[in-house]
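Scroll down for the structure; my scribbles are underneath it.
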Amino acid sequence: MKLSQNPCPDPPSYQVRFAVITVSDTRTPETDKSGNFIKQSMINAGHLLEYYTLVKDEPDKIRSQMHQLAAIFDLDAIILNGGT
């Protein structure tokens, strides 16, 4: 998939404040194609990335990270990707 280099021509009427969590035991920020695609697509659409991280594929770690994000940031969305 190729990302468009052009931002959204019409800015959204509401800017979504979001975080991206990639669930993986093997990915790094450099190899996280899905997480990077999600981040760039949302930013290109005019939304605001507040936080990005990779979390091991363990339910307790995923749950803990989501609770921490909800407590620290005023987010509209937490987008999770990856996992098996």
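Mapping of the sequence shown onto the numbering used here: residues 63 to 146, in sequence order.
Each residue gets a CB set at the ideal place from its N, CA and C atoms; glycine is no exception.
1) Just the Cα atoms here: how many angstroms apart are Leu-110 and Leu-131?
2) Applying the 10 Å Cβ sphere with the 16-neighbour rule, what's the burial state of Ser-126?
3) Drop a sphere of 10 angstroms on the beta-carbon of Thr-84, count the other beta-carbons inside from all chains shown, and report buried for 16 or more, exposed for fewer.
4) Met-128 to Lys-118, Cα distance in whole Å?
5) Between the C-alpha atoms of Ile-124 and Asp-136, what's the straight-line distance to the nearest angstrom?
6) Starting from Arg-89, trace the beta strand (DSSP E) both ways and give me its first and last residue.
7) Bridge partners of Ala-81, per DSSP?
8) Going by C-alpha to C-alpha distance, which of Gly-108, Lys-101 and Glu-120 sits closest to Tyr-114?
Let's see:
1) So the alpha carbons of these two residues sit roughly 15 Å apart.
2) Counting Cβ neighbours within 10 Å, Ser-126 comes out exposed, since fewer than 16 surround it.
3) Flag for Thr-84 reads buried.
4) Taking the Cα positions, Met-128 is about 13 Å away from Lys-118.
5) Computed Cα separation, rounded: 19 Å.
6) Note, Arg-89: premise wrong, no beta strand (DSSP E); not H, not E.
7) DSSP links Ala-81 through a beta bridge to Tyr-113 and Ile-140.
8) Ranking the options by Cα distance to Tyr-114, first place goes to Lys-101.
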